[in-house]
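Colleague: Sending over a structure as structure tokens; questions will come in a sec.
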Amino acid sequence: MREKEPAMPTSLGRMLSRVGIVLLILIGAYVFNLMVNNAINDYVAEIIRQCGIAIILAVSLNIVNGLTGQFSIGHAGFMAIGAYTGASITYWVEMAYFHGNNQNLSLLWLLMAMLGGGVTACICGYLVGVPSLRLRGDYLAIVTLGFGEIIRVLIENSAEISPSLKFLGGAVGFVGADGSYQVPLISNVFIIYATAAMVILLCWNLKFTTHGLAFMAIREDEVAAEAMGIPTTYTKIVAFVLSAFFAGVGGALYAHAEFFQPITFNFILSMNYVIMVVLGGSGSITGTTLAAIFLVVLPEFLKPVQHRFGLPDAYRVVIYALLLILTMLLRPQGVFGTGELTLRPLLGRFGKKRNSHPASNVDNGITAGTSVSVAPASLKRTWDTATDAAGDPILVIENLSKRFAGLSALSEVNMCLRKGELVGLIGPNGAGKTTVFNILTGVYEPTEGHIVFCGKTIAGKRPSPFVPRITRVLRDTLFGGVGGWILGTILATSILPSSTHNAHILEVEHVLEGIIAFGVTVYAFIVSWRSNRYLPGLLPHQMAELRISRTFQNIRLFANLSVLDNVRLGAYLRRSTHLGDALFRSERLRREEQESIHRARELLARFNLLRFEHELACNLPYGDQRRLEIVRALATQPKLLLLDEPAAGMNPQEKMQLMELIQRIRNEFDLTVLLIEHDMKLVMGICERIYVLDYGRIIAEGKPEDIRNNPEVIAAYLGEDHLSTPAEDSNSNRIGIHDVEEAS
Amino acid sequence: MLSVSSLSVYYGAVRALDEVSLEVMPGEIVAMIGANGAGKSTTMRAISGLIKPRSGEITFLGKPIHRMAPHEIVQLGISQAPEGRRVFAEMTVMENLRLGAYVREHNKTAVQEDLERMFTIFPRLRERQMQLAGTLSGGEQQMLAIARALMARPQLLLLDEPSLGLAPNLVQTIFRVIQEINANGVTILLVEQNANQALRIAHRGYVIETGRIVLEDRAANLLNNPMVRSAYLGEA
């Protein structure tokens, strides 16, 4: 990558171009508005407005269902919250300033209503998301389904919940406190389409950055995403909240575009948006947009068809449904899949990406058989290495035990890895090797024992310092107090005879409330004080942050992301930008993205994978997938690399190349490597030391030739008919150790 | 017994198999070797009916089977231990094995005998028989997948990478078991990365490269073939 970057436009220029896009959107929407107002009848204008709102809702749902791969089916609930909040805001403004004369309401108030609707929906999204997004699978669908219905029922019965909510109007729609109010219909084509375009633009900005990739990584493989340092629960909540915000904005627009009732935001509406996302292609922004337009317009087109043949109304619905079924049968991944419709093919060479370097420049990685090349100094790791001198223990495992429901997987395992070592971990199937990896990467917490990495205890009981402990305890006590008070109120009023006039009973009631509330609070305090004695175990993404990286026994690449994107995600951990930067394409983000792409391509080039950079990871040959997984792990800049059966399924030739690769990365990337492998040629050939695990215990440790001749290891693992011949030079890092299989 | 003639398989527009023809005689062990992506697993999947060929024929005991559904093919006596440890994760080891014998569930005593036999071959499975298969280690799942295929008492057993992820002593055991099963009258078609071991126990072998059969010979001859030695046995 020696070539010079094209002369950078000044940041002022960039600013202008960003303002330019917004201006373009505004002008476009304004012109469109004029066209609709002047040239088209009301009926069509109405359909056009509906399309715009559907686009906002579908594209926002696409963030959760498409990009992040979750399944939310309560989007209309957030829309309802946005609609009612937005309508309430304009209602209050009107009552307070304009005394019921809604002619004077300006665009500004509508924007306030949209913002209010968005923020309220956002908060509700957080409350729904936090408990349900911790869980994997279909829980979110069930929770969001319930949520959507609850919101609808709550609004329908708002007057009974509190008389002050009477202005919401209940089941008949938003009618104000006097029952005759009408929400001003001030959402015009201009504001709807400007909003829709902004939503699309923000999602588009997000999708192609590392932040958006992190969303998609969760869709592809949650376990691997965690291992790459992506906090999956947090990221899912962010996606969900963002999606809820846009839905709230869309809801507020809807409230000022059409008449609505709680029943408007029913389950069928939610499903409509789900269908738009699925039909357009989950993850595809352009696909979802087109599907939204198509599905709003289609029933209208079917009307004349229906009248032509004199069919009753129900037939239209049937045709609509049949079309959907057909589309799904013929193209289950949606019309656009995860791809996008872009103008690039039309623009041809002018639309070419600016930073597409000729691959040959960098694609000069080693081929099999060449000796280990020394990396240019500039490519060496740039992070701190000063603190850990070579040869010091980097990883110490002390007395590690793990039991699963009485089944003992590991007992009293002791291991020590020195910096820069290449150590093998072997043992019979089911001996607990992968369990060691899973504890090291935070998938499991140990039952007993400790793991110290770079001088820091990372697993096992870590006594909590006072401040975090007391913070948690106070938080729990506060929750306990609030919960206790609610519980006390409910219990006290239900136990005692209801008489609000008897002062005596009231007093008893208060005392009872107080006792229950106090009791629960004290209980919460004690439980929390005890359980927070130790810090919670580190999660996989936190282990990755500490620079422990891994590969998986059965390859876990992000199958539907490109090779480049798989590696690019390594930069997620070290990013300095946040989501806002991604949504608004800040200057900082642009630089960081360029750097991450540059680094990823460099890394790919070093491993001869650059020629596949735009290929989907799942389309690579098997051996290259295994290598890519190692490269992806390296992209997180680890100090300790854990390889879980990297040679599984490889043929002898590929294995030879792999041996070379492992040694090469250990040297060039300043790594310590722990390797699980059953291929003895590989293990004996490259490992300096080997630990042997059997039934969860270390039964031997030592140099390859000691292990090979250890009777216990032969009995438990290598096999009795394995006649070991001493290797000529097995301690060196050379390849070419005798073939174990040949000896039998 | 099994005859594959001019079999072509496509994944979308990509040709995975190009006019592959092979023969398996009764009582044989036939090994198929080749690099990753050469088409070994695809051939297996075509035989067991999991993918439909675009052209060509597969006949088993004189019957064409390439249009049959996978479960019908199993009933005819072809059973496959799929690559990648596809065990029923939410069922116990015992339930997995019993499901393997699903096509002959009526014969209770024979099934019981076979269970016993599997536990003798794989003592590890006996220890874990009440455990959920998903909680087994990778290698143990591999054993279970093979044992489950054997429980169907097939006439022809398709083994896709049986030694994948197994400890060295178990690799030896597996190959010994394969020979034993064969001695008991089961014909075996074997796909292996461990070409050396596979050719040692096989009677005949096929070498497949980028979707074509490039070599066919007696296993002993293949072992001594310089091309095979350098490409698949890891010798210089």
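Protein sequence lines correspond, in order, to chains E and F.
According to our numbering, the first sequence is numbered sequentially starting from 1.
According to our numbering, the second sequence is numbered sequentially starting from 745.
Glycine is no exception: its CB is placed at the ideal position from the N, C-alpha and C atoms.
Who pairs with A459/E in a beta bridge, going by DSSP?
Modeller: BP columns for A459/E point to I451/E.
Colleague: Going by other Cβ atoms of all chains shown within 10 Å of its Cβ, with 16 needed for buried, is N502/E buried or exposed?
Modeller: The residue is exposed, with fewer than 16 neighbouring Cβ atoms inside 10 Å.
Colleague: Any idea what DSSP makes of D694/E, helix, strand or coil?
Modeller: Reduced to three states, the DSSP call for D694/E is strand.
Colleague: Do three or more CB pairs link the stretch 879-888 of chain F to the stretch 921-933 of chain F at distances below 8 Å?
Modeller: Verdict: no, contact absent.
Colleague: Have a look at F525/E, G424/E, G334/E and R666/E and flag the residue whose alpha-carbon is nearest the alpha-carbon of E645/E.
Modeller: Among F525/E, G424/E, G334/E and R666/E, the Cα nearest to that of E645/E is on G424/E.
Colleague: Using a Cβ cut-off of 7 Å, which residues of the stretch 754-787 of chain F contact any Cβ in chain E, in chain order?
Modeller: Residues A779, N780 and G781.
Colleague: Can you tell me whether I676/E is helix, strand or coil according to DSSP?
Modeller: Strand, per DSSP.
Colleague: Using a Cβ-Cβ cut-off of less than 9 Å, give me the residues of the stretch 423-440 of chain E that come near chain F, in sequence order.
Modeller: Answer set for the stretch 423-440 of chain E: I426, G427, P428, N429, G430, A431, G432, K433, T434 and T435.
Colleague: By DSSP, does A386/E sit in helix, in strand, or in coil?
Modeller: With a pLDDT of only 40 at A386/E, under 50, the local geometry of the prediction cannot be trusted, and no value is derived from it.
Colleague: Given that a residue counts as buried once 16 or more other Cβ atoms are within 10 Å of its Cβ, and exposed if not, what is R708/E?
Modeller: By the 10 Å Cβ count, R708/E comes out buried.
Colleague: Please list, in chain order, the chain E residues whose beta carbon lies closer than 9 Å to that of Y950/F.
Modeller: Result: empty, since nearest Cβ-Cβ is about 15 Å, beyond 9 Å.
Colleague: Which value, in whole angstroms, describes the spacing of the CA atoms of V443/E and L539/E?
Modeller: Answer to the nearest angstrom: the Cα atoms are 7 Å apart.
Colleague: Taking 8 Å as the cut-off, is the beta-carbon of R962/F closer than that to any non-hydrogen atom of the ligand NAD?
Modeller: The ligand NAD is not part of the structure shown, which contains no ligands of any sort.
Colleague: Could you check whether the Cβ of L330/E sits closer than 9 Å to any Cβ belonging to chain F?
Modeller: Cβ-Cβ to chain F under 9 Å: no for L330/E.
Colleague: What separation, rounded to the nearest whole angstrom, lies between the Cα atoms of I698/E and A431/E?
Modeller: Approximately 10 Å between the Cα atoms of the pair.
Colleague: What would DSSP say about M198/E, mapped onto helix, strand or coil?
Modeller: In the structure shown, M198/E sits in a helix (DSSP, three-state: H, G or I).
Colleague: Quick one: any contact between the stretch 794-806 of chain F and the stretch 832-840 of chain F, if contact means 3 or more CB pairs under 8 Å?
Modeller: No, they do not touch.
Colleague: On the DSSP bridge list, what partners appear for I548/E?
Modeller: In DSSP, I548/E forms a bridge with L640/E.
Colleague: Would you identify the three-state DSSP class for S187/E, choosing helix, strand or coil?
Modeller: Residue state, collapsed to three classes: coil.
Colleague: Using a Cβ-Cβ distance under 9 Å, would P912/F count as near chain B?
Modeller: The structure shown contains no chain B; its protein chains are E and F.
Colleague: Spell out a yes or no on whether the stretch 77-96 of chain E and the stretch 111-130 of chain E are touching, meaning 3 or more CB-CB pairs, one atom from each, closer than 8 Å.
Modeller: Yes, the stretch 77-96 of chain E touches the stretch 111-130 of chain E.
Colleague: In the DSSP assignment, what are the bridge partners of A700/E?
Modeller: Bridge partners of A700/E: V692/E.
Colleague: For R354/E, name the three-state secondary structure that DSSP assigns.
Modeller: Its pLDDT being 39, under 50, R354/E is placed unreliably in this model, and the coordinates cannot settle the point.
Colleague: Please tell me whether G74/E and T144/E are closer than 9 Å, where the distance is taken between their beta carbons.
Modeller: In this structure, T144/E lies closer than 9 Å to G74/E by Cβ.
Colleague: Can you tell me whether K303/E is buried or exposed, with buried defined as 16 or more other CB within 10 angstroms of its CB?
Modeller: By the 10 Å Cβ count, K303/E comes out exposed.
Colleague: Return the first residue and the last residue of the beta strand (DSSP E) that A775/F is part of.
Modeller: Its beta strand (DSSP E) spans residues I773 to I777.
Colleague: What residues in its chain sit with their C-beta under 6 Å from that of L269/E, if we drop five residues either side in the sequence?
Modeller: A76, listed in sequence order.
Colleague: Using DSSP with H/G/I as helix, E/B as strand and the rest coil, what is G824/F?
Modeller: Position check: residue 824/F holds Gln in this sequence, whereas Gly was assumed. Strand at Q824/F.
Colleague: So T931/F is in the beta strand (DSSP E); what residue range does that whole segment cover?
Modeller: Unbroken beta strand (DSSP E) run through T931/F: T931 to V935.
Colleague: Compute the Euclidean distance between the alpha carbons of R533/E and P463/E, then round it to the nearest angstrom.
Modeller: If you take the alpha carbons of R533/E and P463/E, they lie about 6 Å apart.
Colleague: Buried or exposed for E629/E, going by 16 or more other Cβ atoms inside 10 Å?
Modeller: E629/E comes out buried.
Colleague: So with Cβ pairs under 9 Å, would you call L616/E a contact of chain F?
Modeller: Cβ-Cβ to chain F under 9 Å: no for L616/E.
Colleague: Using only CA atoms, which one of L876/F, R892/F and V951/F lies nearest to A405/E?
Modeller: The option with the nearest alpha carbon to A405/E is L876/F.
Colleague: If you scan the stretch 3-54 of chain E from start to end, which runs of the beta strand (DSSP E) of 3 or more residues do you find wholly inside it?
Modeller: Listed in chain order, nothing qualifies, since the stretch 3-54 of chain E has no complete beta strand (DSSP E) run of 3 or more residues.
Colleague: Judging by CA-CA distance, which residue of E507/E, T235/E and T210/E is the nearest neighbour of E222/E?
Modeller: Ranking the options by Cα distance to E222/E, first place goes to T235/E.
Colleague: Along the chain, where does the beta strand (DSSP E) containing S799/F start, and where does it finish?
Modeller: Per DSSP, S799/F belongs to the beta strand (DSSP E) from S799 to F804.
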